[in-house]
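Okay, structure first, notes after.
Residue numbers (our numbering): 5 to 166.
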């Protein structure tokens with residue numbers, strides 16, 4: 005084989021390896037950023053989100069409405085499904101022991117580590133009553149304040165108890 009052919013092949017494979025290396029570096033950087041955001045989400049969940057939910061929950065409990073706060077970690081379940089980090093408050097309005105908790109009004113904050121944002125979901129559905137359920141916006145993590153959490157939950161409770 006001629007030297008210029010070998011040189012051309014070497015250039016092709018060197019370029020290919022550089023692309024692979026750059027892609028790997030980009031994936032590693034993306035993974036690092038996502039892990040860092042997830043850590044920030046967990047810290048914010050403990051210092052801001054959960055206390056805000058607990059404050060509302062304790063207050064409504066004094067008014068006769070039971071509540072529950074559920075937290076999930078970012079993990080892959082046994083059936084190989086990814087489950088992202090989240091925290092939810094569920095209001096057990098007219099509790100019927102036979103009904104699952106997702107049939108009750110709730111507010112959830114999800115960690116979207118890919119987009120580096122907190123996403124919100126809500127439901128005003130209650131056993132035997134109509135309502136709505138779905139996405140409720142998103143925000144940068146530093147925008148997720150106690151006041152924002154309270155506003156979103158009060159909006160749900162306003163619809164549930166009107």
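The C-beta atom is built at its ideal place from N, Cα and C for all residues, glycine as well.
Since we're looking at a predicted model, the values are computed, not measured.
Contact check, residue i vs residue j, beta carbons under 7 Å
| i | j | result |
| --- | --- | --- |
| residue 95 | residue 69 | yes |
| residue 154 | residue 56 | yes |
| residue 181 | residue 143 | Residue 181 lies beyond the range of the chain shown here (5 to 166); nothing can be said about it. |
| residue 113 | residue 53 | yes |
| residue 159 | residue 38 | no |
| residue 60 | residue 157 | yes |
| residue 137 | residue 127 | yes |
| residue 115 | residue 17 | no |
Buried versus exposed call for residue i [16 or more other C-beta atoms within 10 Å across all chains shown]
| i | result |
| --- | --- |
| residue 111 | buried |
| residue 121 | buried |
| residue 63 | exposed |
| residue 48 | buried |
Through-space distance from residue j to residue i, alpha-carbon basis
| i | j | result |
| --- | --- | --- |
| residue 109 | residue 22 | 52 Å |
| residue 66 | residue 166 | 19 Å |
Exercise. Which runs of the alpha helix (DSSP H), 4 residues or longer, sit entirely within the stretch 16-82?
Worked result: Counting whole runs of 4 or more residues, the stretch 16-82 contains the alpha helix (DSSP H) stretches 54-66.
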